[in-house]
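Letter by letter, the sequence shown follows residues 9 to 103 in our numbering.
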Amino acid sequence: MGSLISDDVLDLFVLARTYDQLPEALARHFGGLVDEVSVNFPEDAPAVLQAELVREIKKLPAAFTGFDHTVAYVGRRKLQEGPRESEQNRRAADP
Numbered sequence: 009m010g011s012l013i014s015d016d017v018l019d020l021f022v023l024a025r026t027y028d029q030l031p032e033a034l035a036r037h038f039g040g041l042v043d044e045v046s047v048n049f050p051e052d053a054p055a056v057l058q059a060e061l062v063r064e065i066k067k068l069p070a071a072f073t074g075f076d077h078t079v080a081y082v083g084r085r086k087l088q089e090g091p092r093e094s095e096q097n098r099r100a101a102d103p
């Protein structure tokens, strides 16, 4: 199967990099667009290496900034605007 799929096509779906290349590749491909990534380590990967990689990945920008529990929706209809959302709307409207 590997001979049927080029590395360029594989790169569209999977970031297969060395550990030292992974944080930069994640930032370039997904920085600010995703809020969760999954990294699979082999069983023999040193714990220190895993911890360092996780620290580096956590530094990357993420789309998710937190839940605003003050806003209620039914389907797509907003029932209530919360203070956090109101502040974001005010800042967006300021010149």
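Heads up, the beta-carbon is just placed ideally off N, CA and C, and yes, glycines get one too. Just so it is clear, the structure is predicted and the values come from calculations on it, not from any experiment.
- Judged by beta-carbon spacing, I65 lies within the 8 Å limit of V45, meaning their Cβ atoms are closer than that value.
- Linking V56 to P69 through their CA atoms gives a straight-line distance of about 23 Å.
- Here A59 carries a helix assignment [DSSP, helix/strand/coil].
- Taking the Cα positions, F75 is about 31 Å away from Q29.
- Spanning the alpha carbons of L23 and A33 requires a straight line of approximately 7 Å.
- Counted as a single uninterrupted DSSP element, the stretch harbouring F75 is not any alpha helix (DSSP H), since DSSP gives it neither H nor E.
- Rounded to the nearest whole angstrom, the CA to CA distance from F72 to F38 is 13 Å.
- For A33, the enclosing alpha helix (DSSP H) begins and ends at L30 to F38.
- Excluding residues up to 5 positions away in sequence, Q58 lie with their Cβ nearer than 7 Å to the Cβ of F49 in the same chain.
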